[in-house]
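Okay, structure first, notes after.
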Amino acid sequence: MKLKRTLLICSTFLGLAAVGSAVAQHAEKCAPIPKQEWKPQAELERKLANQGWKVSRVKITNGCYEVYGKNEKGGKVEVFFHPKTLELVTAPK
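Here the numbering used here is used: the first residue of the sequence shown is 1, the next is one more, and so on.
Put into structure tokens, the structure is as follows:
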């Protein structure tokens, strides 16, 4: 019983560490940039639509545009874009 509990606790911490690492990775590449230097969200949405993406939601997370939707192949994506350059910060999962 103790072994199961220990394994569960360890796997939970490893999962949280992986999520924290991913958030920190994109945060380093986006922040801090003054809002007046950001390109408009609509410009990012147009860019992605022209590439065949279907954007369902865009939000700001740790200084990046976080995009949810489907890529040109129809695969679900959750990716981050630099707000000033609109370059992809994290690759699709």
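The beta carbon of each residue, even a glycine, is placed where N, CA and C say it ideally should be.
When we look at the beta-carbon of Y65 and count the other beta-carbons within 10 Å, is it buried (16 or more) or exposed?
Reading the sequence shown from its first residue, position 65 is the one you call residue 65. Looking at its Cβ environment, which holds 16 or more other Cβ atoms inside 10 Å, Y65 is buried.
Whole-number beta carbon distance between K39 and P83, since they are thought to touch under 8 Å
On the sequence shown, position 83 is the one that residue 83 refers to. On the sequence shown, position 39 is the one that residue 39 refers to. Contact between P83 and K39 is confirmed by a C-beta separation of about 7 Å, below the 8 Å threshold.
CB contact flag (E72, Q51, <8 Å):
Translated into the one-based positions of the sequence shown, residue 72 becomes position 72. Translated into the one-based positions of the sequence shown, residue 51 becomes position 51. Contact flag set, yes.
Can you list, in chain order, the residues of its chain with a C-beta nearer than 6 Å to that of K54? Leave out the 5 residues immediately preceding and following it.
Here residue 54 corresponds to residue number 54 of the sequence shown, with the count starting at 1. Here K54 has G69, K70 as same chain residues with Cβ atoms under 6 Å from its own Cβ, once five neighbours each way along the sequence are excluded.
To the nearest angstrom, how far is the alpha carbon of P34 from that of K76?
Taking the first residue of the sequence shown as 1, we reach residue 34 at position 34. Taking the first residue of the sequence shown as 1, we reach residue 76 at position 76. About 30 Å.
By alpha-carbon positions, which one of E78, G63, G74 ends up nearest to T85?
Numbered from its first residue, the sequence shown carries residue 85 at position 85. Relative to T85, the option among E78, G63, G74 whose CA is nearest is G63.
Identify the continuous beta strand (DSSP E) that holds E45 and give its terminal residues.
The residue given as residue 45 occupies position 45 in the sequence shown. For E45, there is no enclosing beta strand (DSSP E); the residue is part of the alpha helix (DSSP H) that begins and ends at 41 to 50.
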